[in-house]
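Read left to right, the sequence shown gives residues 4 to 74 (this note's numbering).
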Amino acid sequence: MELIFEVRDAEEGGYCARALGHSIFTQAETWDELRANVLEATLLHFEEAHEQPKLVQLHYVKDELIPVEAA
4 MELIFEVRDA EEGGYCARAL GHSIFTQAET WDELRANVLE ATLLHFEEAH EQPKLVQLHY
64 VKDELIPVEA A
């Protein structure tokens, strides 16, 4: 099983991550800290070893608004 986390910039700085299809949420100030938090949260959520995903994917989504000026 593969578990996908959607990662976004947090409003207060750092990153927020949520698992798609599961109630797993975490946040961190740095990317390395986020990776560690995601793995820890995943292991806590899937307590049984046979339920744990074999692969965790971090999908970084960056929203950017660009104003379009009339010509």
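Cβ atoms here follow ideal geometry from the backbone N, Cα and C, with glycine treated the same way.
Exposed unless 16 or more other CB atoms sit within 10 angstroms - verdict on residue i
| i | result |
| --- | --- |
| F8 | buried |
| A44 | buried |
| L23 | exposed |
| Y18 | buried |
| H6 | According to the sequence displayed, residue 6 carries Leu and not His. Buried is the call here. |
Cα-Cα separation, residue i to residue j
| i | j | result |
| --- | --- | --- |
| R38 | I69 | 30 Å |
| R21 | D12 | 12 Å |
| K57 | M4 | 6 Å |
| T29 | V41 | 6 Å |
Where the beta strand (DSSP E) containing residue i begins and where it ends
| i | result |
| --- | --- |
| V10 | E5 to D12 |
| A22 | Y18 to A22 |
| A31 | F28 to A31 |
Boundaries of the alpha helix (DSSP H) in which residue i is found, first to last residue
| i | result |
| --- | --- |
| V41 | W34 to H48 |
Nearest candidate by alpha-carbon position, reference residue i, set the options
| i | options | result |
| --- | --- | --- |
| R32 | E67, H25, E14 and F49 | Reading the sequence as shown, one finds Glu at residue 32 and not Arg. Of E67, H25, E14 and F49, the residue nearest in Cα terms is E14. |
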